Amino acid sequence: MCAIAAAGSLSQAASRLGISQPSLTGLLQRMERLVNGQLFERSRTGVTPTGLGAQLVRRAQLLLAELETIGADLARDDTGPIRFGSVHMERVATLFQRLDHAFPDVRVSLTVEPSSTVLAHQLGRSSLDAAVLAVAEDRHIPLERNVAQRILLPWVPVYMALSASHPLAAARRAPNAVAR
190 MCAIAAAGSL
200 SQAASRLGIS
210 QPSLTGLLQR
220 MERLVNGQLF
230 ERSRTGVTPT
240 GLGAQLVRRA
250 QLLLAELETI
260 GADLARDDTG
270 PIRFGSVHME
280 RVATLFQRLD
290 HAFPDVRVSL
300 TVEPSSTVLA
310 HQLGRSSLDA
320 AVLAVAEDRH
330 IPLERNVAQR
340 ILLPWVPVYM
350 ALSASHPLAA
360 ARRAPNAVAR
């Protein structure tokens, strides 16, 4: 979103991001469905953020600045690789590819763990330097005193992958499911 707003054009933003314009358009459309609103006004001369789009761009810019600060803080300690943990999520590989690209001189060791509670305990015992945790709205993970936290995203979209032959694969949306 930030790249689109900065470029003022989907094709220019796609070029800067190194992806195809149809791929970026698809991502934008998924985001618009997710937030149930239009994020950019499209015209022949480019795109401009809607009110909702401008609000989300501002929040995304804060998130990006926070991630850069975290990366810079971690990069200052050159005693060894940064021990980074993450819950398993669809985009974990992309996240670490981008970290590697943004900080090529920083070595990162990655632990992917399905339990945010386990990652929180590893942070408290200093087995990890940083971690991405996922916590459901109705849950709380107690953190030890020596662990600082920053909420970077108050919610994260969840995706589901299905075989093309699955009965729900043709549906635009999967029916609401209740976790059991």
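Once you know that position 95 of the sequence shown is 284 in the working numbering, the rest is easy, because the numbers rise by one and skip nothing.
Glycine included, each C-beta is placed from N, C-alpha and C at the ideal position.
Bear in mind the structure is a predicted one, so any value in this text is a computation, not a measurement.
Buried versus exposed, by CB contacts within 10 Å (16 or more), residue i
i, result
"Val254", "As written in the sequence, residue 254 is Ala, which differs from the Val given in the question. Counting Cβ neighbours within 10 Å, Ala254 comes out exposed, since fewer than 16 surround it."
"Pro238", "buried"
"Ile340", "exposed"
"Gly242", "buried"
"Ala320", "buried"
"Ala359", "exposed"
"Arg369", "Low per-residue confidence applies at Arg369: pLDDT is 38, beneath 50, and the placement is therefore not dependable enough to give any value."
"Leu351", "exposed"
"Ser275", "buried"
"Val367", "Unreliable placement is indicated for Val367, whose pLDDT of 47 sits below 50; no coordinate value is reported for it."
"Ser305", "buried"
"Ala282", "exposed"
"Ala353", "exposed"
"Glu333", "exposed"
"Leu317", "buried"
"Leu251", "exposed"
"Ala291", "exposed"
Continuous alpha helix (DSSP H) stretch holding residue i: start and end
i, result
"Phe285", "Val281 to Ala291"
"Arg205", "Leu199 to Leu206"
"Ala192", "Cys191 to Ala196"
"Ala309", "Ser305 to Gly313"
"Arg219", "Gln210 to Val224"
Pick from the options that is closest to residue i, judged by C-alpha positions
i, options, result
"Val295", "Asp318, Leu317 and Pro270", "Pro270"
"Ala371", "Leu223, Glu230, Gly235 and Leu284", "A query on residue 371 cannot be resolved here, the shown segment of the chain reaching from 190 to 369 and no further."
"Ser335", "Ala358, His355, Gln311 and Ala353", "The question names Ser, but residue 335 in the sequence shown is Asn. If we check each option's Cα against that of Asn335, Gln311 comes out closest."
"Arg233", "Gln250, Ser200 and Gly215", "Ser200"
"Ala337", "Ala309, Arg361 and Gln218", "Ala309"
Bridge partner(s) assigned by DSSP for residue i
i, result
"Gly235", "Ser232"
"Thr300", "Gly274"
Start and end residues, beta strand (DSSP E) containing residue i
i, result
"Ala319", "Ala319 to Val321"
heavy atom of the ligand FAD below 8 Å from residue i C-beta
i, result
"Met220", "In the structure shown, the ligand FAD is absent, as is every other ligand, since no ligand is present at all."
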